[in-house]
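The next block holds one structure in the form of structure tokens; read it before the comments.
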Amino acid sequence: NAGVTQTPKFQVLKTGQSMTLQCAQDMNHEYMSWYRQDPGMGLRLIHYSVGAGITDQGEVPNGYNVSRSTTEDFPLRLLSAAPSQTSVYFCASSYSRGRGQRYFGPGTRLTVT
Amino acid sequence: GENVEQHPSTLSVQEGDSAVIKCTYSDSASNYFPWYKQELGKRPQLIIDIRSNVGEKKDQRIAVTLNKTAKHFSLHITETQPEDSAVYFCAASWEGAQKLVFGQGTRLTINP
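Chains as they are written, first to last, in my numbering: chain A, 1 to 113; chain B, 1001 to 1112.
See the structure below:
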């Protein structure tokens, strides 16, 4: 099993550009989520999904969109990148919503200039 | 909603000494408290978790204690080694919750 995979590993965007961060898992987990990690801020939840076709907002959803058309994939879209979105982004999947272990992807380091 | 506070933000200990990281949570419904370790440039990985029906759980050199009355839980690492250097995150959730809420993280450095 590959577990949770993310692409790309690194990305540089200019302000106003859009892009999609890809996330896929092969563990048949229903629950998937996106976090951003900033120094001193911990891991903050952006969006999550409890199954195909169902998504909801986390703590910091502004500027991001998600969709979940399959169990395996959970892409994160930046609509119009801003310097404040410079961060490391982690996708995670879990067999359980609340009490399940989160399996994290390797992360995407995004810089917006 | 749930809020998790973690202290200290940085911790430096001598190799062989013990390290303690503390977290407090706000939602009394929370009953699942995991700890994640993130080595430099790597992804966070679960190292231990505790559920509210126990007060302490050990796994070799690491242990977690829980005080539900005071709404705090702690990670204890004994006989620290250089490979324990990492960022540690606590988190809290409950069975019906939609999300796992993380603390701000503690950067632990083990000095030789």
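Cβ atoms here follow ideal geometry from the backbone N, Cα and C, with glycine treated the same way.
- Cβ-Cβ distances below 8 angstroms link residue 102 (chain A) to 33, 92, 93 and 94 in the same chain, with the five nearest sequence neighbours on each side left out; the list follows chain order.
- Here DSSP, grouped into helix, strand and coil, assigns residue 1027 (chain B) to coil.
- Taking the Cα positions, residue 1101 (chain B) is about 30 angstroms away from residue 1111 (chain B).
- Here residue 11 (chain A) is near residue 110 (chain A), since their CB atoms are less than 8 angstroms apart.
- Contact between residue 4 (chain A) and residue 37 (chain A) is absent: CB atoms are separated by about 15 angstroms, not below the 8 angstroms threshold.
- For residue 19 (chain A), no CB of chain B lies under 8 angstroms from its own CB, so it is not counted at the interface with that chain.
- At a cut-off of 8 angstroms between C-beta atoms, residue 106 (chain A) counts as an interface residue with respect to chain B.
- Closest by C-alpha distance to residue 45 (chain A), out of A:58, A:39, A:52 and A:54, is A:58.
- Contacts between residue 1016 (chain B) and chain A, judged by CB atoms closer than 8 angstroms, are missing: the closest CB pair is about 29 angstroms apart.
- Pairwise C-beta distances place the segment 1001–1016 of chain B out of contact with the segment 61–79 of chain A, as fewer than three of them are shorter than 8 angstroms.
- As DSSP reads the structure, residue 21 (chain A) sits in a beta bridge with A:76.
- Among the residues facing chain B, residue 50 (chain A) is included, as its CB has a counterpart in that chain under 8 angstroms away.
- Taking 7 angstroms as the upper bound on Cβ-Cβ separation, chain A lies near residues 1089, 1093, 1094, 1095, 1096, 1097, 1098, 1099, 1100, 1102, 1103, 1104 and 1105 of the segment 1088–1107 of chain B.
- The Cβ neighbour count for residue 1104 (chain B), taken over all protein chains shown within 10 Å, is at least 16; the residue is labelled buried.
- Every beta strand (DSSP E) stretch that sits fully inside the segment 28–72 of chain A and reaches 3 residues is listed by chain position as 31–38, 42–51, 54–57 and 64–66.
- Relative to the Cα of residue 1066 (chain B), the nearest Cα in the group B:1035, B:1085 and B:1042 belongs to B:1035.
- The DSSP-derived three-state label of residue 1009 (chain B) is coil.
- For a cut-off of 8 angstroms, the C-beta gap from residue 1032 (chain B) to residue 77 (chain A) is around 30 angstroms, too long to register as a contact.
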